[in-house]
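*Asks:*
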Amino acid sequence: MAITGPKTSLRKRMFYVLLFFTTLLIMLVLYILKLNIVDGEKLRTGAIEQQTRDYQVSSARGTIYDRNGKTLAVSSSAETITVNPKEIAAAGYDVDGLANKFAEILELNAEDVKPKLTKNAQDVEIKRKVETEVADKIRELNLKGVYFKEDTKRYYPYGTFASHVIGFTGRDNQGLGGIEMVYDDELSGVPGRVVTLKNAHGTDMPFQEERHIDSENGLNVVLTIDEAIQHFAEKHLENVHNETEAAEGAACIVMDVKTGEVLAMAALPNFDLNSPNELIDKVTLNRLKKLGSGEEYEKALTNAKNKMWRNKAVVDSYEPGSCFKIMTMSMALEEGVVTPEDHFFCPGYKIVEDRRISCAEKSGHGAETFKDGVKNSCNPVFIEVGLRLGVDNYYKYFKQFGLLKKTGIDLPGEAGTIMHNPKNMGEVELATVSFGQSFQITPIQLATTVSAIINGGNRITPHFGISVESADGTEVQTLEYPVETGIVSKETSRTVRTILETVVSEGSGKNAGIEGFSIGGKTATSQTLPRGSGRYISSFLGFAPAEDPKVLALCIIHNPQGMYYGGIIAAPVVRSIFENVLPYLGIAKTVTQTPSGENRADGVD
Numbered sequence: 003m004a005i006t007g008p009k010t011s012l013r014k015r016m017f018y019v020l021l022f023f024t025t026l027l028i029m030l031v032l033y034i035l036k037l038n039i040v041d042g043e044k045l046r047t048g049a050i051e052q053q054t055r056d057y058q059v060s061s062a063r064g065t066i067y068d069r070n071g072k073t074l075a076v077s078s079s080a081e082t083i084t085v086n087p088k089e090i091a092a093a094g095y096d097v098d099g100l101a102n103k104f105a106e107i108l109e110l111n112a113e114d115v116k117p118k119l120t121k122n123a124q125d126v127e128i129k130r131k132v133e134t135e136v137a138d139k140i141r142e143l144n145l146k147g148v149y150f151k152e153d154t155k156r157y158y159p160y161g162t163f164a165s166h167v168i169g170f171t172g173r174d175n176q177g178l179g180g181i182e183m184v185y186d187d188e189l190s191g192v193p194g195r196v197v198t199l200k201n202a203h204g205t206d207m208p209f210q211e212e213r214h215i216d217s218e219n220g221l222n223v224v225l226t227i228d229e230a231i232q233h234f235a236e237k238h239l240e241n242v243h244n245e246t247e248a249a250e251g252a253a254c255i256v257m258d259v260k261t262g263e264v265l266a267m268a269a270l271p272n273f274d275l276n277s278p279n280e281l282i283d284k285v286t287l288n289r290l291k292k293l294g295s296g297e298e299y300e301k302a303l304t305n306a307k308n309k310m311w312r313n314k315a316v317v318d319s320y321e322p323g324s325c326f327k328i329m330t331m332s333m334a335l336e337e338g339v340v341t342p343e344d345h346f347f348c349p350g351y352k353i354v355e356d357r358r359i360s361c362a363e364k365s366g367h368g369a370e371t372f373k374d375g376v377k378n379s380c381n382p383v384f385i386e387v388g389l390r391l392g393v394d395n396y397y398k399y400f401k402q403f404g405l406l407k408k409t410g411i412d413l414p415g416e417a418g419t420i421m422h423n424p425k426n427m428g429e430v431e432l433a434t435v436s437f438g439q440s441f442q443i444t445p446i447q448l449a450t451t452v453s454a455i456i457n458g459g460n461r462i463t464p465h466f467g468i469s470v471e472s473a474d475g476t477e478v479q480t481l482e483y484p485v486e487t488g489i490v491s492k493e494t495s496r497t498v499r500t501i502l503e504t505v506v507s508e509g510s511g512k513n514a515g516i517e518g519f520s521i522g523g524k525t526a527t528s529q530t531l532p533r534g535s536g537r538y539i540s541s542f543l544g545f546a547p548a549e550d551p552k553v554l555a556l557c558i559i560h561n562p563q564g565m566y567y568g569g570i571i572a573a574p575v576v577r578s579i580f581e582n583v584l585p586y587l588g589i590a591k592t593v594t595q596t597p598s599g600e601n602r603a604d605g606v607d
């Protein structure tokens, strides 16, 4: 039997002690490895955050120019003012007095500022995008715990000018509408950073150097908009909007029929790009004033603010009315189901199945040729032509003309065409479609499709962007857009132009005539749903010169009060725009005399 001596016992104790410390050492090594490998990046980041103040410097958004180099949107230097409440408290400032001072200089509410000065945080924002001259007034107070960060502020020199086209930006300089949104990637640039050291109390270390990572400014975007033409369009549209008290607003498009370049686009109600939340439309404000106050007023105010950002030329579809007769005419001529000299008879109505569909001329136009039917905007003539075409041909040409797809314009929110399912389209639906009712398209779709018909058959893409440029004006990218050819034959295009010229010189569009210029066009007056509500959409589409069109203008007035015929209230708007635009574009007079039909009511639609 072995006897365990003192030495054996000692060795066991030493072994266990050694095992304990070895295990402890291994655990320590593993913990150190975990800190360095697994948690290393997180800990290093936390240490840097504790020791530094790191904030982002906004990059200056690129400038937006019109086609002639006029500045439409630009970024200027600004500052963000923040405070460290702990430093404010340590300095012993009177918080009430300081809040009042901030409120006075920065145009804020003192009651909103005070909680920020006592908040349990190290970096509290007081106000962003403060102009340097204003920030300097705070800086001159030489307050501890108040900091100034570099920022930029978007400025729109012309206020309401082309507001729905240009769009505006949000708190973080992101585009929130229009061109600002569509070209946000190009305009945004890359933000920079500023890093400074701070102590355990969260305050800046004295006598330190800041580390800057420079921001990269955004690229500039050049638009097709012509500042002069845009002003012409806005002025004349606003005049008719105010005169007719158009409750649902108005829209206008001026575009180059051969290239698709949009020279002007206006929509009412509009807004000031520098204060996009403020309601400024006179017609809308007058309507709200009549409501007084209360729940009905608040609801109407909310609806009005939601509507004022909507670009009615692009995002709202509507029944085009008789302007669509241009398409029906083109389809019929292409298919050979009618000629300009075909004879018709209008008794003032047309019976289709069990429906009596009236003409705008209640007593009827009597015997007339197809050409006369276009001049008179005679519904029975177009119903007959539409029935000759049939459902299959209508869908064939809706597709061929591009009406079943969006135009692809470089603005957000474009609406698509709302059309009958061909399976559910009977003769009554066919009849109403023939003169532009019971389906919906957008104004930009109408202008684009008519451009294709009158320019020789090329469906162009309506657009605003011309090019993207660097800050020094070097072109980075020329923007290109697709063109589809063969929409209609050149012969049909020529015939349509000739007939539409007589609409202005002799027919329902006389109020668009300008002495010395050949102008083609079409009037429209469509009744909105529900029928019989007394709500109308009045419009006129015109182009010049009629024999070789270069420019097209479309004016649409929603729910005008009083007189509502497109030939009376919309055609004069296009005439006024053309009186300014045609000489400006260098388009010469081509005829010795054009009948002037100002305020003429005979034969209008």
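Just add 2 to the spot in the sequence shown (first one is 1) and you have our numbering. Quick reminder that beta carbons are idealized off the backbone N, C-alpha and C, glycines included. Only a predicted model underlies this, so the values are computations on that prediction, with no experimental measurement involved.
1) DSSP puts LYS425 in a beta bridge; with which residues?
2) List in chain order: all unbroken beta strand (DSSP E) runs of 3+ residues lying wholly within the segment 462-509.
3) On the three-state DSSP scale, how would you describe LEU406?
4) Can the beta-carbon of LYS297 be found less than 9 angstroms from the beta-carbon of GLN439?
5) Whose CA, out of ILE359, ALA572, GLY428, lies closest to the CA of GLY392?
6) Do SER277 and TYR157 come within 9 angstroms of each other at the CB atom, strictly closer than that value?
7) Specify whether the segment 232-244 and the segment 259-268 touch according to this definition: at least 3 beta carbon pairs, one from each stretch, less than 8 angstroms apart.
8) For my contact list, LYS377 and GLY523 are in at a C-beta cut-off of 8 angstroms; report their separation, rounded to the angstrom.
9) Could you check whether GLU416 and VAL316 sit closer than 9 angstroms to each other, using their CB atoms as the reference points?
10) Secondary structure at ASN222, three-state DSSP: helix, strand or coil?
11) By how many angstroms is the C-alpha of LYS139 removed from the C-alpha of LYS103?
12) Measuring CA to CA, which of VAL184, LYS408, LYS301, PRO349 is closest to PRO484?
13) Which word fits HIS367, buried or exposed, when buried means at least 16 other C-beta atoms lie within 10 angstroms of its C-beta?
14) Considering only residues of the segment 313-384, which uninterrupted alpha helix (DSSP H) runs meet the minimum length of 4 residues and lie entirely inside it, listed in chain order?
15) According to the Cβ coordinates, are ARG175 and SER190 closer than 9 angstroms?
16) Here's the rule: buried if 16 or more other CB atoms are within 10 angstroms of the residue's CB, otherwise exposed. What is ILE90?
17) Are the CB atoms of LEU281 and LEU275 nearer to each other than 9 angstroms?
18) Taking the alpha-carbon positions, what's the GLY410 to VAL184 distance?
19) Quick one: what's got a C-beta closer than 7 angstroms to VAL490's C-beta in the same chain, skipping five residues either side?
20) Is ASN222 near SER472, with beta carbons less than 9 angstroms apart?
21) Per DSSP, SER61 is paired with what?
22) Does DSSP classify ARG69 as helix, strand or coil?
23) What do you reckon, are the CB atoms on ARG461 and PHE403 nearer than 9 angstroms?
24) Within 10 Å of its beta-carbon, does PHE209 have 16 or more other beta-carbons around it, so buried, or fewer, so exposed?
25) Within the continuous alpha helix (DSSP H) that includes LYS146, where are the two ends?
26) Residues in its own chain within less than 6 angstroms of ARG2 by CB, not counting five upstream and five downstream?
27) Expressed to the nearest angstrom, what Euclidean distance is found between the alpha-carbon atoms of VAL430 and ARG357?
28) Determine which residues share a DSSP beta bridge with VAL575 and list them.
29) Determine the direct distance from the alpha carbon of PHE17 to that of LEU640, and round the result to whole angstroms.
30) Between which two residues does the alpha helix (DSSP H) holding MET183 run?
31) Span of the beta strand (DSSP E) holding SER540?
32) Grab the span of the alpha helix (DSSP H) containing GLU245 for me, first residue to last.
33) Please work out which residues of its chain come closer than 6 angstroms, Cβ to Cβ, to GLN529, disregarding the five sequence neighbours upstream and downstream, and give them in chain order.
34) May I ask you to list the residues that DSSP assigns as paired with SER79?
35) Label MET29 either buried or exposed according to how many other C-beta atoms from any shown protein chain fall within 10 Å of its C-beta, with 16 as the threshold for buried.
36) Which whole-angstrom value is the C-beta distance of PHE163 and GLN232, which I expect to be below 8 angstroms?
*Replies:* Walking through what the data contain:
1) Against the sequence shown, residue 425 aligns to sequence position 423. Answer by DSSP bridge pairing: none, since LYS425 is not bridged.
2) 467-471, 477-480
3) The residue you call residue 406 lines up with position 404 of the sequence shown. Looking at LEU406 - three-state DSSP - the assignment turns out to be coil, as it is neither helix nor strand.
4) Within the sequence shown, numbered from 1, the residue matching residue 297 stands at position 295. Within the sequence shown, numbered from 1, the residue matching residue 439 stands at position 437. Note that residue 297 is Glu in the sequence shown, not Lys. No.
5) Here residue 392 refers to the residue found at position 390 when the sequence shown is read from its first residue. Of the candidates ILE359, ALA572, GLY428, the one whose C-alpha sits nearest the C-alpha of GLY392 is GLY428.
6) Indexing the sequence shown from 1 puts residue 157 at position 155. Indexing the sequence shown from 1 puts residue 277 at position 275. It is not a contact, given that the beta carbons lie outside the stated cut-off.
7) yes
8) In the sequence shown, counting from the first residue as 1, residue 377 sits at position 375. In the sequence shown, counting from the first residue as 1, residue 523 sits at position 521. Going by Cβ atoms, the distance from LYS377 to GLY523 rounds to 11 angstroms, so no, they are not a contact pair.
9) The sequence position of residue 316 within the sequence shown is 314, counting from 1. The sequence position of residue 416 within the sequence shown is 414, counting from 1. The Cβ-Cβ distance between VAL316 and GLU416 falls below 9 angstroms.
10) Walking along the sequence shown from the start, residue 222 turns up at place 220. It is a strand residue.
11) Taking the first residue of the sequence shown as 1, we reach residue 103 at position 101. Taking the first residue of the sequence shown as 1, we reach residue 139 at position 137. Their Cα atoms are separated by approximately 10 angstroms.
12) Numbered from 1 along the sequence shown, position 482 holds the residue referred to as residue 484. Of the listed residues, the one whose Cα sits closest to PRO484 is LYS408.
13) Counting from one through the sequence shown, the residue named residue 367 turns up at place 365. Buried, since its Cβ has 16 or more Cβ neighbours within 10 Å.
14) 327-337, 372-378
15) To locate residue 175, count along the sequence shown from 1; it is residue 173. To locate residue 190, count along the sequence shown from 1; it is residue 188. Checking the sequence, you will find Asn at residue 175 rather than Arg. Contact: yes.
16) For the purposes of this step, residue 90 is taken as residue 88 along the sequence shown, with counting starting at 1. Buried, because 16 or more other Cβ atoms sit within 10 Å of the Cβ of ILE90.
17) Counted from its first residue, the sequence shown places residue 281 at position 279. Counted from its first residue, the sequence shown places residue 275 at position 273. No, Cβ-Cβ distance for LEU281 and LEU275 is not below 9 angstroms.
18) As a first step, residue 410 is located in the sequence shown; it is residue number 408 there, counting from the start. As a first step, residue 184 is located in the sequence shown; it is residue number 182 there, counting from the start. Approximately 12 angstroms, taken between the alpha carbons.
19) Within the sequence shown, numbered from 1, the residue matching residue 490 stands at position 488. Around VAL490: SER332, GLU336, ILE455, GLY459.
20) Translated into positions along the sequence shown, residue 222 becomes position 220. Translated into positions along the sequence shown, residue 472 becomes position 470. Yes, Cβ-Cβ distance for ASN222 and SER472 is below 9 angstroms.
21) Counting from one through the sequence shown, the residue named residue 61 turns up at place 59. Answer is none; SER61 lacks a bridge partner.
22) For the purposes of this step, residue 69 is taken as residue 67 along the sequence shown, with counting starting at 1. ARG69 falls in the coil class under three-state DSSP.
23) Here residue 461 corresponds to residue number 459 of the sequence shown, with the count starting at 1. Here residue 403 corresponds to residue number 401 of the sequence shown, with the count starting at 1. Against a cut-off of 9 angstroms, the Cβ pair of PHE403 and ARG461 comes out as a contact.
24) Working through the sequence shown from its first residue, we reach residue 209 at position 207. Only weak support is given to the placement of PHE209: the predicted model assigns it a pLDDT of 49, under 50, and the value that follows is read from those uncertain coordinates. By the Cβ neighbour-count rule, PHE209 is exposed, with fewer than 16 other Cβ atoms within 10 Å of its own.
25) Start at 1 with the first residue of the sequence shown, and residue 146 comes out as number 144. Taken as a continuous stretch (DSSP letters only), LYS146 belongs to no alpha helix (DSSP H), as it is neither H nor E.
26) For residue 2 there is no data in the structure shown, the boundaries of the chain being 3 and 607.
27) Within the sequence shown, numbered from 1, the residue matching residue 430 stands at position 428. Within the sequence shown, numbered from 1, the residue matching residue 357 stands at position 355. Computed Cα separation, rounded: 7 angstroms.
28) Within the sequence shown, residue 575 is the residue found at index 573, counting from 1. DSSP lists no partner for VAL575.
29) The first residue shown for the chain is 3 and the last is 607, placing residue 640 beyond what the model contains.
30) In the sequence shown, counting from the first residue as 1, residue 183 sits at position 181. Per DSSP, MET183 belongs to the alpha helix (DSSP H) from 180-184.
31) On the sequence shown, position 538 is the one that residue 540 refers to. Going by DSSP, SER540 is part of the beta strand (DSSP E) stretching over 538-546.
32) Along the sequence shown, read from residue 1 onward, the residue named residue 245 stands at position 243. First-last of the alpha helix (DSSP H) with GLU245: 229-246.
33) Locating residue 529 in the sequence shown gives position 527, where the first residue counts as 1. Closer than 6 angstroms at the Cβ level, and outside the excluded window around GLN529, lie TYR538.
34) The sequence position of residue 79 within the sequence shown is 77, counting from 1. Per DSSP, THR154.
35) Walking along the sequence shown from the start, residue 29 turns up at place 27. Classification of MET29: exposed, given that the 10 Å Cβ count is below 16.
36) If you number the sequence shown from 1, residue 163 lands on position 161. If you number the sequence shown from 1, residue 232 lands on position 230. Between GLN232 and PHE163 the Cβ distance is about 7 angstroms, and since that is below 8 angstroms, they are a contact.
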